[in-house]
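When we follow my numbering, the leftmost residue of the sequence shown carries the number 476, and every step to the right adds one.
See below for the structure under consideration.
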Amino acid sequence: MESYINRDTQLCMSLSGRPGNFGTRFHNFLYRELGLNFVYKAFTTGNLAGAITGIRALGIRGCAVSMPFKEDCIEYLDGLEPSAAGIMSVNTIVNTVGVLKGYNTDYTAVFSLLKSRGISTDLDFALRGSGGMAKAVACALRDAGFAKGIIVARNETAGPALASQYGYAWKQELGDETPGLLINVTPIGMTGGPEAARLAFSEAQVRTAQAVFDVVAIPAETPLIQLAGKFGKPCISGADVIVLQAVEQFVLYTGIRPGSDLITRAAALARQI
């Protein structure tokens with residue numbers, strides 16, 4: 476039976492500096508397959524306060540939040556769920572009768588992947604980045620049991636603060652060090668970005684690493700993931716993260732957890748360019 480948008484349709488959305496199609500395709504596919512009266516639309520904004528006021532005023536059910544809004548949005552919310560409060564970074568806003576609460580499903584996804592892929596917590600790591608997503612990853616690493624790591628960040632304020640918060644070291648550049656686990660949490664390698672063809676770590680560092688993790692989701696195989704695959708390294712990709720975090724967002728918005736077959740089909744559609 477064909478469905479149509481009507482006055483009772485619930486809107487979900489995303490806010491991003493560079494909106495993509497993944498969330499729109501993923502969520503709308505699941506709404507359609509499950510017969511839910513929802514619709515999802517991606518937006519960007521130059522007026523964050525106004526956008527979040529609109530979420531509240533118009534009864535928009537949920538909002539995914541991406542760079543560069545993950546930290547700046549917090550001051551406009553009514554409360555934070557523990558995963559977001561612990562790292563002061565939000566990637567999901569849920570509107571319940573005008574009350575806006577922030578969540579972080581990035582943390583949930585990263586923690587789950589670190590556990591399910593069996594990456595040894597004995598490995599030391601280098602995490603490149605210091606923004607909102609880096610906070611989620613660093614917190615997940617600590618909670619998963621990784622005791623020794625370096626936050627690699629040029630920002631002389633955010634870098635040391637992130638390292639100190641989770642008990643890790645900080646360096647502006649990694650230099651010649653060769654950690655066992657390499658993690659990129661910057662836009663390096665992202666399709667359409669100015670550094671799309673770059674590597675977040677040197678070839679020598681990738682060659683000696685035991686595992687590689689790149690949170691960039693588009694493309695699914697960044698230059699870093701491609702190189703790691705060439706050397707036969709176990710990898711976690713941003714494509715893995717984006718699916719898991721999107722599922723958790725879908726559950727928060729609708730109260731329904733899709734089956735694995737539906738999730739696989741939704742992800743395959745959403746990855747199409």
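Idealized CB from N, CA, C, for every residue including glycine.
Distance from Y643 to I658 at the Cβ level is roughly 12 Å; contact not present, criterion being Cβ atoms closer than 8 Å.
N503 sits buried, since 16 or more C-beta atoms from the chains shown fall within 10 Å of its C-beta.
I658: member of the beta strand (DSSP E) spanning L656 to N659, first to last residue. With 16 or more other Cβ atoms from the protein chains shown falling within 10 Å of its own Cβ, D689 counts as buried.
Within 10 angstroms of the beta-carbon of L616 lie 16 or more other beta-carbons, which makes it buried. Look at M488 here: in three-state DSSP terms it is strand. G713 is a Cβ neighbour of V691, given a cutoff of 9 Å. Distance from the Cα of A633 is smallest, within the candidate group R482, L702 and G606, for G606. For G634, there is no enclosing beta strand (DSSP E); the enclosing alpha helix (DSSP H) has its first and last residue at A633 to Y641.
In this structure the stretch 590-597 does not lie against the stretch 725-737, because fewer than three pairs of beta carbons, one per stretch, are closer than 8 Å. Within the same chain, and ignoring the five residues on either side of L511 in sequence, the residues whose Cβ sits closer than 7 Å to its Cβ are T729. Contact between L490 and S541 holds, with the beta-carbon distance rounding to 7 Å and staying under 8 Å.
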